[in-house]
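**Q** Residue numbers (the numbering used here): 244 to 442.
Each residue gets a CB set at the ideal place from its N, CA and C atoms; glycine is no exception.
The structure under discussion is supplied below as structure tokens; questions concerning it will follow.
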């Protein structure tokens, strides 16, 4: 529970490396801004099709592109998983046939992830996550992004701050109710992010 940005992305395999190279370059420029704001910011390039970024109190922002059949085989082995569940609607785009045997670099690879920003210390963290997703999504053939904080679509940070603060209140309320029923330790929705909107 908490404000999260979900993203489903698809791109031809030959374009993933340059897309993630550019995203890594953008992340490095953001890292300088994050240092000024005292926001921890770590970048790890795990391979040509993987980039991982840790920003402040957010969950790890992960770009992990794999063929659709990989996600399906993982689900077949381990049961339903988030990635296959969200990518299943794209199975009609799975790359089969003679064309992709001749030109394997044109096969599609897919990424389906989410990044929770609820426990960020600074609203800039939500912005960094959204903008890095925008950089990668902007180069993809298929991109669906859902920002529960609305910033990705409105570019208004107050929308994200308002969502994070309100969601924190809901988490605290639910945690309080559960504690009354006997739960001893409930992590609340505590957030340092407060909206500046007047209500």
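(1) Compute the minimum distance between the beta carbon of residue 351 and the heavy atoms of the ligand FMN, and state whether it is under 7 Å.
(2) Bridge partners of residue 280, per DSSP?
(3) Quick one: what does DSSP say residue 273 is sitting in, helix, strand or coil?
(4) For residue 287, which residues in the same chain have their Cβ closer than 6 Å to its Cβ, ignoring the five residues on either side in sequence?
(5) Is the beta carbon of residue 309 closer than 8 Å to that of residue 352?
(6) According to DSSP, is residue 359 helix, strand or coil?
(7) If you draw a straight line from the alpha carbon of residue 321 to that of residue 328, how long is it in whole angstroms?
(8) Going by DSSP, what residue range makes up the alpha helix (DSSP H) through residue 377?
(9) What does a CB cutoff of less than 7 Å around residue 441 pick up in its chain, not counting 5 residues either side in sequence?
(10) Taking C-beta to C-beta, are residue 394 and residue 370 nearer than 8 Å?
(11) Using CA coordinates, which residue listed in 253, 246, 247 is at the minimum distance from residue 349?
**A** The answer reads as follows:
(1) As presented, the structure is devoid of all ligands, the ligand FMN included, so that no description of it is given.
(2) As a working note, residue 280 is residue 37 in the chain shown. The partner list for residue 280 (beta bridge, DSSP) is empty, contrary to what the question assumes.
(3) Against the chain shown, residue 273 aligns to sequence position 30. DSSP places residue 273 in helix when its eight states are reduced to three.
(4) Against the chain shown, residue 287 aligns to sequence position 44. Taken in chain order, the residues that qualify are 295.
(5) One-based indexing of the chain shown puts residue 352 at position 109. One-based indexing of the chain shown puts residue 309 at position 66. Yes, these two residues count as a Cβ contact at 8 Å.
(6) The sequence position of residue 359 within the chain shown is 116, counting from 1. In the structure shown, residue 359 sits in a strand (DSSP, three-state: E or B).
(7) Reading the chain shown from its first residue, position 78 is the one you call residue 321. Reading the chain shown from its first residue, position 85 is the one you call residue 328. Approximately 12 Å, taken between the alpha carbons.
(8) Counting from one through the chain shown, the residue named residue 377 turns up at place 134. Looking at the DSSP string, the run of the alpha helix (DSSP H) that includes residue 377 is 366–382.
(9) On the chain shown, residue 441 is found 198 positions in, with the first residue counted as 1. Model confidence at residue 441 stands at a pLDDT of 47, short of 50, so the residue's coordinates are unreliable; what they give is reported in the following sentence. If we look at residue 441 and ignore the five residues flanking it on each side, it has no Cβ neighbours.
(10) In the chain shown, the residue the question calls residue 394 occupies position 151. In the chain shown, the residue the question calls residue 370 occupies position 127. Yes, these two residues count as a Cβ contact at 8 Å.
(11) Stepping through the chain shown from its first residue, residue 349 is reached at position 106. Among 253, 246, 247, the Cα nearest to that of residue 349 belongs to 253.
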